Amino acid sequence: MAAGKDKMGRPLVVVTGLGVVTSLGAGKTDNWAKLTAGESGIRTITRFPTDGLRTRIAGTIDFLESQPCAASYSERFANLAAEEAVAQSGIAAPGGFPGPLFLAVAPIEMEWPQRFELSARAGGNDKITYSDLLRVSTQFPAYHERFLFGSVADHLADKFGTRGTPISLSTACASGATAIQLGVEAIRRGETDAALCIGTDGSINPEAVVRFSLLSALSTQNDQPHKAARPFSKNRDGFVMAEGAGALVLESYDAAKARGAKILGVLEGCGEMTDAFHRTRSSPDGKPIIGCMNVALKDAGLTPDDIDYVNAHGTSTPENDKMEYLGCANVFGERIKTLPMSSNKSMIGHTLSAAGAVEAVFSILTLQNQRMPPTINYDTPDPAIVLDVVPNKARDAKLKHVISNSFGFGGQNVSLIMGLEPAA
Amino acid sequence: MAEGVREAWITGIGIVSCLGEGADAHWQKLNEGKIVVDTTSFAPFIVHPLAAINFDAQITKKEQRQMENWQRIGTYAAGLALDSAGVKGQKDILSRIDMIVAAGGGERDVNVDSTILTGTPHAANPAAFLNERLMSDLRPTLFLAQLSNLLAGNISISHGVTGSSRTFMGEESAGVDAVRIAYSRIAAGQSDIALVGGAHNGERPDLLMLYEFAGLSLRDKFAPVWERGGKGFALGSLGAFLVVEAREHAEARGAKPLAKLSAVVSDRANRKPGTVTASLSGLWDKVKDKVKGGTAVLSGATGADPATAEERAFFAEHADLAVRATGSYLGHGLEPQFAMNLALATVALAHGNLFPPNDSSGLEKPMTGTLDQVLVTGVGHWRGEGLALVEKVG
Numbered sequence: 052m053a054a055g056k057d058k059m060g061r062p063l064v065v066v067t068g069l070g071v072v073t074s075l076g077a078g079k080t081d082n083w084a085k086l087t088a089g090e091s092g093i094r095t096i097t098r099f100p101t102d103g104l105r106t107r108i109a110g111t112i113d114f115l116e117s118q119p120c121a122a123s124y125s126e127r128f129a130n131l132a133a134e135e136a137v138a139q140s141g142i143a144a145p146g147g148f149p150g151p152l153f154l155a156v157a158p159i160e161m162e163w164p165q166r167f168e169l170s171a172r173a174g175g176n177d178k179i180t181y182s183d184l185l186r187v188s189t190q191f192p193a194y195h196e197r198f199l200f201g202s203v204a205d206h207l208a209d210k211f212g213t214r215g216t217p218i219s220l221s222t223a224c225a226s227g228a229t230a231i232q233l234g235v236e237a238i239r240r241g242e243t244d245a246a247l248c249i250g251t252d253g254s255i256n257p258e259a260v261v262r263f264s265l266l267s268a269l270s271t272q273n274d275q276p277h278k279a280a281r282p283f284s285k286n287r288d289g290f291v292m293a294e295g296a297g298a299l300v301l302e303s304y305d306a307a308k309a310r311g312a313k314i315l316g317v318l319e320g321c322g323e324m325t326d327a328f329h330r331t332r333s334s335p336d337g338k339p340i341i342g343c344m345n346v347a348l349k350d351a352g353l354t355p356d357d358i359d360y361v362n363a364h365g366t367s368t369p370e371n372d373k374m375e376y377l378g379c380a381n382v383f384g385e386r387i388k389t390l391p392m393s394s395n396k397s398m399i400g401h402t403l404s405a406a407g408a409v410e411a412v413f414s415i416l417t418l419q420n421q422r423m424p425p426t427i428n429y430d431t432p433d434p435a436i437v438l439d440v441v442p443n444k445a446r447d448a449k450l451k452h453v454i455s456n457s458f459g460f461g462g463q464n465v466s467l468i469m470g471l472e473p474a475a
Numbered sequence: 122m123a124e125g126v127r128e129a130w131i132t133g134i135g136i137v138s139c140l141g142e143g144a145d146a147h148w149q150k151l152n153e154g155k156i157v158v159d160t161t162s163f164a165p166f167i168v169h170p171l172a173a174i175n176f177d178a179q180i181t182k183k184e185q186r187q188m189e190n191w192q193r194i195g196t197y198a199a200g201l202a203l204d205s206a207g208v209k210g211q212k213d214i215l216s217r218i219d220m221i222v223a224a225g226g227g228e229r230d231v232n233v234d235s236t237i238l239t240g241t242p243h244a245a246n247p248a249a250f251l252n253e254r255l256m257s258d259l260r261p262t263l264f265l266a267q268l269s270n271l272l273a274g275n276i277s278i279s280h281g282v283t284g285s286s287r288t289f290m291g292e293e294s295a296g297v298d299a300v301r302i303a304y305s306r307i308a309a310g311q312s313d314i315a316l317v318g319g320a321h322n323g324e325r326p327d328l329l330m331l332y333e334f335a336g337l338s339l340r341d342k343f344a345p346v347w348e349r350g351g352k353g354f355a356l357g358s359l360g361a362f363l364v365v366e367a368r369e370h371a372e373a374r375g376a377k378p379l380a381k382l383s384a385v386v387s388d389r390a391n392r393k394p395g396t397v398t399a400s401l402s403g404l405w406d407k408v409k410d411k412v413k414g415g416t417a418v419l420s421g422a423t424g425a426d427p428a429t430a431e432e433r434a435f436f437a438e439h440a441d442l443a444v445r446a447t448g449s450y451l452g453h454g455l456e457p458q459f460a461m462n463l464a465l466a467t468v469a470l471a472h473g474n475l476f477p478p479n480d481s482s483g484l485e486k487p488m489t490g491t492l493d494q495v496l497v498t499g500v501g502h503w504r505g506e507g508l509a510l511v512e513k514v515g
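Here the protein sequences come in this chain order: A and B. If you want this note's numbering, it's the position in the first sequence, counting the first as 1, plus 51. If you want this note's numbering, it's the position in the second sequence, counting the first as 1, plus 121.
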């Protein structure tokens, strides 16, 4: 195997910069300390009144200045994570990133505060309709740019100076992993030596909470926020919505080496497989999940026995955790009983569009530190899920290759395999 | 394994719009020069309404009930494209198709919105009122009709496309980059066959509002794109999908090419004066060696200045090219516009000529001689510039 090429002869893709912000804090240092201490970032929602809502908890990021809408929160978090990643990589002066931007971002839309603002401006009709809002729309010119889907990526591209058109994407809760996959593919095609891949989500607002609530996807353990996310436990009752962003600077191994960059990890393989069974549920036979992981293993040139740790999607919904377990049991066989598999979401909640990127950052940190973050709130194991979930306490381990799973509504499945820098 | 440059063929198209469905209906209407607009439903705003479509032909009733119109339009167009490529129902191929959808978000329940806006000023506790109304009035499954990636999800469910599924967001440039990435992956050997495109429901007051924030929703009187003085666009309901395939993959299954996709490039100007023209010139430089004559342009010009004026300035530097702005007929569909124009390019190439001009401003000129190549432009009304080259095979 030539230096700088993977087993398939493609450019080897490495990670040279990482950035993260979650409800646990800003930055890798703070996040990693709290993640491995088993702290929860889940809390009672205070950003808006929650009267009448079934779920009143979330992993909100409350230590930064407030924003008018999800687009602005998403942009703020992405900025913070990307600043950290780009600074760590040392790849370029600020504003001169030498490659494209791939941004996983929550869908952008106008929200209720803005609708109320327009409605008030339109004046007091008996009945307010969109015709009234349309009558005064031109008085709010800034909302055009703000509520275009491409605006968050455009602003990030301006700030970081990425090349070409930035790509904003969604694969629902697998989006962050897809952003990384697009970066890996671009480097493997030889189009670029570097890519900035970000996943971000700041969509904790009333309608977003209601939407997931109406699908019965959310935990309603409102009285004990820290205990609400309990992946793989018998008494799990849904996921906890959360905010966050993860950013990775990807580079070809050769380009990173040539500039003397420190290599933090290797993006060894990516897999995806779509599930056509149902909009929100996995195929009962688990084949798409199994296929997704197998495609990633093949892409990385590895076998299931090479994987030392699974960074689980682990949402804490009854359905996901069961199906992820079944899928992994099929892929890893008898080893599944002893293969460590933990869920970052037990502590940070489900960061939705950001999750794949946030958890990829944590996967690389797991490799670097040779330490596995726990699955917290694991007090009542589900007897149908026999797993080493790294219960409640972080643990050291010898880790060479980890797989991180991301599954989303719409049949989206993506798995990423990450490893350590190969010995020179 | 070196990832060399492989030829990419368009082997299937699926299109629906105000002009109807399929290649023949579009070709006939474009040649007739007939304009289909609705000036009353959203007056004073003008939209191009979707033609009457029998969705049952591609989507079961049960699945249609789970969708909003933008998803029905897209799932229908995707089905037409798979039919056109001869891969509908071919499980082995469908399980390897890489799908890239360009999408915005789905329809809102305008009645729920109106109820909340009307009731809030009178509510004792406005925030509680909002929560209560949302919890009790929103259909639980509406969210699944709104999520951007759920057009792709519906295509997977209705047509069994399961290789991979990615959704790009970001208006016109999402549509350009969806095709660019699909093309690049095929050229590099990362993918053998792709389904790429999108859908747009232009008959939505919330979307009219989004563009009216910038005063860009066309109102009062219809005019073709180049005759609007840059004042904006009439939203169009349309769906467009392409099956793009590596030549060897198509040949191995005996599929005929509709056209060859020879280049797809994109860039992002900062939209300071002159930068759109410069950006298009830069993209032109990347494809000009492949431009051999018998070439026309299908422009995605929106009618919104300064972007449209600058695109026009770019065409002034290439006065030998016959240009048509399809937005005059189809309206502006944002995300799927680029795929739609690529599909119409294959239709024009099959006929070996171009439809007549529809422009009294002097930019669109009649084309004489045969048509062998089509350049497709996709200049976003706010951001993003794209250019593709489609060629006759053989």
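Glycine included, C-beta positions come from ideal geometry on N, C-alpha and C. Values in this document were obtained by computation on a predicted structure and should not be read as measured data.
Nearest candidate by alpha-carbon position, reference B/Ala-245, set A/Leu-416, A/Asp-102, A/Thr-243, A/Ser-219 = Looking up residue 245 of chain B in the second sequence gives position 124. That would be A/Asp-102, whose Cα lies nearest to the Cα of B/Ala-245.
Once you ignore the five residues that flank B/Asp-298 on each side, which residues in its own chain have a CB closer than 7 Å to its CB?
-> Within the second sequence, numbered from 1, the residue matching residue 298 of chain B stands at position 177. Taken in chain order, the residues that qualify are Phe-289, Ser-387.
Measure the C-alpha to C-alpha separation of A/Ser-303 and A/Ala-54 and round it to an integer number of angstroms.
-> Within the first sequence, the letter at position 252 stands for residue 303 of chain A. Within the first sequence, the letter at position 3 stands for residue 54 of chain A. The alpha-carbon atoms of A/Ser-303 and A/Ala-54 are separated by roughly 11 Å.
Under 7 Å between beta-carbons, which chain E residues line up against A/Leu-63? List them in chain order, please.
-> In the displayed structure, chain E is absent; the protein chains listed are A and B.
Every unbroken alpha helix (DSSP H) within the segment 337-409 of chain B, with a cutoff of 4 residues, ordered by chain | 368-373, 396-408
Give the interface partners of B/Gly-403 over in chain A, defined as CB-CB distance under 9 Å, in chain order.
-> One-based indexing of the second sequence puts residue 403 of chain B at position 282. The premise fails here: B/Gly-403 is roughly 11 Å from chain A at the closest Cβ pair, so nothing lies under 9 Å.
Interface partners of B/Thr-283 on chain A, CB under 8 Å = As a first step, residue 283 of chain B is located in the second sequence; it is residue number 162 there, counting from the start. Here the neighbours are Met-324, Thr-325, Asp-326, Ala-327, Pro-339, Gly-462.
Going by beta carbon distance, what residues of the same chain come within less than 6 Å of B/Ala-428, once the five residues before and after it are set aside?
-> Position 307 of the second sequence, counting from 1, holds the residue named residue 428 of chain B. For B/Ala-428, where only same-chain residues beyond five positions count, the Cβ hits under 6 Å are Val-397, Val-500, His-502.
Neighbour list for A/Phe-191 in chain B, Cβ cutoff strictly below 9 Å | Here the question's residue 191 of chain A lines up with position 140 in the first sequence. Result: Phe-334.
Please confirm if B/Arg-287 has its CB atom under 8 Å from at least one CB of chain A.
-> The sequence position of residue 287 of chain B within the second sequence is 166, counting from 1. Judged by the 8 Å Cβ criterion, B/Arg-287 is in contact with chain A.
Bridge partner(s) assigned by DSSP for A/Pro-432 | As a first step, residue 432 of chain A must be located in the first sequence, where it is residue number 381. According to DSSP, which records beta bridges pairwise, A/Pro-432 is partnered with A/Ser-284.
Find out if the Cβ-Cβ distance for the pair B/Val-385, B/Val-514 is shorter than 8 Å.
-> Here residue 385 of chain B is taken as the residue at index 264 of the second sequence, counted from 1. Here residue 514 of chain B is taken as the residue at index 393 of the second sequence, counted from 1. No; because the gap between Cβ atoms is not below 8 Å, this pair is not in contact.
Outcome for B/Glu-506 when other beta-carbon atoms lying within 10 angstroms are tallied against a minimum of 16 = In the second sequence, the residue the question calls residue 506 of chain B occupies position 385. B/Glu-506 comes out buried.
Is the Cβ of A/Gly-103 closer than 8 Å to any Cβ of chain B?
-> Here residue 103 of chain A is taken as the residue at index 52 of the first sequence, counted from 1. Taking Cβ atoms only, chain B reaches closer than 8 Å to A/Gly-103, which makes this a yes.
If you draw a straight line from the alpha carbon of B/Trp-191 to that of A/Pro-432, how long is it in whole angstroms?
-> Counting from one through the second sequence, the residue named residue 191 of chain B turns up at place 70. Counting from one through the first sequence, the residue named residue 432 of chain A turns up at place 381. Spanning the alpha carbons of B/Trp-191 and A/Pro-432 requires a straight line of approximately 43 Å.
A/Gly-234 by DSSP, collapsed to three states: which one?
-> Indexing the first sequence from 1 puts residue 234 of chain A at position 183. The answer is helix: DSSP assigns A/Gly-234 an H, G or I state.
Selected residue, minimal CA-CA separation from A/Gly-400, among A/Lys-58, A/Ala-109, A/Gly-352, A/Thr-80 | Residue numbering aside, residue 400 of chain A sits at position 349 when the first sequence is read from its first letter. Among A/Lys-58, A/Ala-109, A/Gly-352, A/Thr-80, the Cα nearest to that of A/Gly-400 is on A/Ala-109.
If the cut is a Cβ gap below 9 Å, which residues of chain A does B/Asn-246 touch?
-> Mapped onto the second sequence, residue 246 of chain B falls at position 125. Chain A residues near B/Asn-246: Pro-100, Asp-102.
Mind checking who B/Glu-512 pairs with in its DSSP beta bridge?
-> Stepping through the second sequence from its first residue, residue 512 of chain B is reached at position 391. Paired residues: B/Lys-381, B/Gln-494.
What's the C-alpha gap between B/Met-122 and A/Val-64?
-> Indexing the second sequence from 1 puts residue 122 of chain B at position 1. Indexing the first sequence from 1 puts residue 64 of chain A at position 13. Any reading at B/Met-122 is ruled out, since the residue's pLDDT is 35, under 50, leaving its predicted position unreliable.
Three-state class that DSSP yields for B/Ile-302 in the structure shown = By one-based count along the second sequence, residue 302 of chain B stands at place 181. Residue state, collapsed to three classes: helix.
Which residues of chain B have a Cβ atom closer than 7 Å to the Cβ of A/Gly-147, listed in chain order?
-> Along the first sequence, one-based indexing puts residue 147 of chain A at 96. Within chain B, no C-beta atom comes nearer than 7 Å to that of A/Gly-147; the closest sits roughly 15 Å away.
Taking Cβ positions, are B/Ile-136 and B/Ala-198 nearer each other than 8 Å?
-> Locating residue 136 of chain B in the second sequence gives position 15, counting from the first residue. Locating residue 198 of chain B in the second sequence gives position 77, counting from the first residue. Contact: yes.
With 8 Å as the threshold, decide whether the Cβ of B/Pro-563 is near any Cβ in chain A.
-> The question about residue 563 of chain B has no answer here: the residues shown for chain B are numbered 122 through 515.
Proximal chain A residues relative to B/Pro-261, where beta-carbon distance stays under 7 Å | Counted from its first residue, the second sequence places residue 261 of chain B at position 140. Simply Leu-265, Leu-266.
Residue environment, A/Ser-284, which counts as buried when at least 16 other CB atoms sit within 10 Å | Translated into the one-based positions of the first sequence, residue 284 of chain A becomes position 233. Buried, because 16 or more other Cβ atoms sit within 10 Å of the Cβ of A/Ser-284.
Helix, strand or coil at A/Pro-119 [DSSP, three-state] | Taking the first sequence and counting its residues from 1, the one referred to as residue 119 of chain A is at position 68. Three-state DSSP puts A/Pro-119 in coil, outside helix and strand.
Closer than 6 Å by C-beta to B/Arg-340: which residues in its own chain qualify, once you throw out the five before and the five after it? Chain order, please.
-> As a first step, residue 340 of chain B is located in the second sequence; it is residue number 219 there, counting from the start. Contacts found: Pro-165, Phe-166.
What is the residue span of the beta strand (DSSP E) that A/Ile-255 lies within?
-> Along the first sequence, read from residue 1 onward, the residue named residue 255 of chain A stands at position 204. Segment: none, A/Ile-255 is in no beta strand (DSSP E) and carries neither H nor E.
Can you give, in chain order, each stretch of the beta strand (DSSP E) that sits fully within the segment 447-507 of chain B and has at least 3 residues?
-> Along the length of the segment 447-507 of chain B, whole beta strand (DSSP E) runs at least 3 residues long occupy 494-500, reported in chain order.
Kindly indicate if chain B contains any beta-carbon less than 8 Å away from that of A/Ala-363.
-> Mapped onto the first sequence, residue 363 of chain A falls at position 312. No, A/Ala-363 does not count as interfacial toward chain B.
Just tell me which of A/Gly-316, A/Glu-162, A/Asp-305 has its CA closest to the CA of B/Leu-331.
-> Here residue 331 of chain B refers to the residue found at position 210 of the second sequence. Nearest C-alpha to B/Leu-331: A/Glu-162.
Have a look at A/Glu-168, A/Arg-310, A/Val-361, A/Ala-279 and flag the residue whose alpha-carbon is nearest the alpha-carbon of A/Ser-367.
-> The residue given as residue 367 of chain A occupies position 316 in the first sequence. Comparing Cα positions, the closest option is A/Ala-279.
Residues of its chain near B/Glu-253, where Cβ-Cβ distance is below 8 Å and the 5 sequence neighbours each way are ignored | The residue given as residue 253 of chain B occupies position 132 in the second sequence. So no residue of the chain qualifies.
For the alpha helix (DSSP H) that A/Ile-415 lies in, which residues bound it at each end?
-> Walking along the first sequence from the start, residue 415 of chain A turns up at place 364. 406-420 is the span of the alpha helix (DSSP H), which, as asked, contains A/Ile-415.
Does the beta-carbon distance from B/Arg-433 to B/Leu-484 come in below 8 Å?
-> Start at 1 with the first residue of the second sequence, and residue 433 of chain B comes out as number 312. Start at 1 with the first residue of the second sequence, and residue 484 of chain B comes out as number 363. The Cβ atoms of B/Arg-433 and B/Leu-484 lie closer than 8 Å to each other.
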